[in-house]
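Visitor:
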Amino acid sequence: MSSGPRGRPLLLEIASGSGQHAAHLAAALHEYDIQPSDVTSDLFGSIAAYTVGFSNVMLPPLLLNAAAADVWPRAAAAAAEAATATAAEASDATDTDAASFADAILCVNMCHISPLAATRGLLRGAGAALRRGSGLLFVYGPFTVDGRHTTDSNAAFDTSLRSRNPDWGYRDVTDMAAWAAGAGMEQLEVRDMPANNFMLVFRRQP
Numbered sequence: 035m036s037s038g039p040r041g042r043p044l045l046l047e048i049a050s051g052s053g054q055h056a057a058h059l060a061a062a063l064h065e066y067d068i069q070p071s072d073v074t075s076d077l078f079g080s081i082a083a084y085t086v087g088f089s090n091v092m093l094p095p096l097l098l099n100a101a102a103a104d105v106w107p108r109a110a111a112a113a114a115e116a117a118t119a120t121a122a123e124a125s126d127a128t129d130t131d132a133a134s135f136a137d138a139i140l141c142v143n144m145c146h147i148s149p150l151a152a153t154r155g156l157l158r159g160a161g162a163a164l165r166r167g168s169g170l171l172f173v174y175g176p177f178t179v180d181g182r183h184t185t186d187s188n189a190a191f192d193t194s195l196r197s198r199n200p201d202w203g204y205r206d207v208t209d210m211a212a213w214a215a216g217a218g219m220e221q222l223e224v225r226d227m228p229a230n231n232f233m234l235v236f237r238r239q240p
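Residue numbers (this note's numbering): 35 to 240.
1) If you draw a straight line from the alpha carbon of SER168 to that of ASP201, how long is it in whole angstroms?
2) Per DSSP, what are the beta-bridge partners of PHE78 in this structure?
3) Less than 7 Å between C-beta atoms, sequence neighbours within five positions excluded: which residues of the same chain meet that for GLY218?
4) Roughly how many angstroms separate the alpha carbons of ALA151 and MET210, rounded to a whole number?
5) With a threshold of 6 Å on Cβ separation, who are the neighbours of LEU96 within its own chain once the five nearest residues in sequence on each side are excluded?
6) Using only the alpha-carbon positions, how far apart do ASP192 and ARG42 sit?
7) In whole angstroms, what is the alpha-carbon distance linking VAL224 and ALA116?
8) In the DSSP assignment, find the beta strand (DSSP E) that holds ASP226 and state where it starts and stops.
9) Kindly list the residues whose CB is nearer than 7 Å to the CB of ALA124, restricted to its own chain and excluding five residues on each side of it in sequence; keep chain order.
10) Indicate whether ILE139 and ALA163 have their beta-carbon atoms separated by less than 8 Å.
11) By DSSP, does SER52 sit in helix, in strand, or in coil?
12) Kindly indicate the opening and closing residues of the alpha helix (DSSP H) around ALA152.
13) How long is the line joining the alpha carbons of VAL207 and GLU47, rounded to whole angstroms?
14) Which class does THR178 belong to by DSSP, given the choice of helix, strand or coil?
15) Within 10 Å of its beta-carbon, does THR74 have 16 or more other beta-carbons around it, so buried, or fewer, so exposed?
16) How far does the alpha helix (DSSP H) with PHE191 in it extend, from its first residue to its last?
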């Protein structure tokens, strides 16, 4: 397993929200450093509160817009390096290969309640940020399968989301695989999860 800036594997969480997931990850994955992030700093205090006492959580959280795929992998790499390096060492994070710094990336319940650009950016950014040949992206949430909803309740929820914002809504598993392939990743698994959700697993290709 590759190592992050603190000499341990690094898991980056995209759209950490309140910080509950980061705390769970920190408790379950002692061998990993957990790097939370979110699109605004509004919940950074909550993330810090939920993860208090976990030495493997890297704070402060990163201010990271998933849609900005041309920016966030390098910005996150630089921030991760800066957490444990001197200013001179941290400046190396802008080098060509330095954007590949994460051993795993997790994104929970973002794709359906954010613009499509955020989902596409997540996949493109992960394709740059993950270690070549081994880095894994885990995307959790509700999705359609071959253009169809898995339940009537999911269809109703999708309609409700799109009525609130036409750029929100369920993404399709097949589209996710195609977008990931375009970002240099392969889909390894589509796992059924509770409450009609899925866990999509991708790996960055060598």
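No residue lacks a Cβ here, since even glycine has one placed at the ideal position from N, Cα and C. Here the structure is a predicted model, which means the values were calculated and not measured.
Guide: Quick answer:
1) 32 Å
2) For PHE78, which the question treats as bridged, DSSP gives no partner whatsoever.
3) GLY161, ARG238 and GLN239
4) 12 Å
5) SER71, ALA110 and ALA113
6) 39 Å
7) 35 Å
8) 219-227
9) Because the pLDDT of ALA124 is 41, which lies under 50, any placement of that residue in the model is unreliable, and the question is left without a value.
10) yes
11) coil
12) 150-163
13) 21 Å
14) strand
15) exposed
16) 186-198
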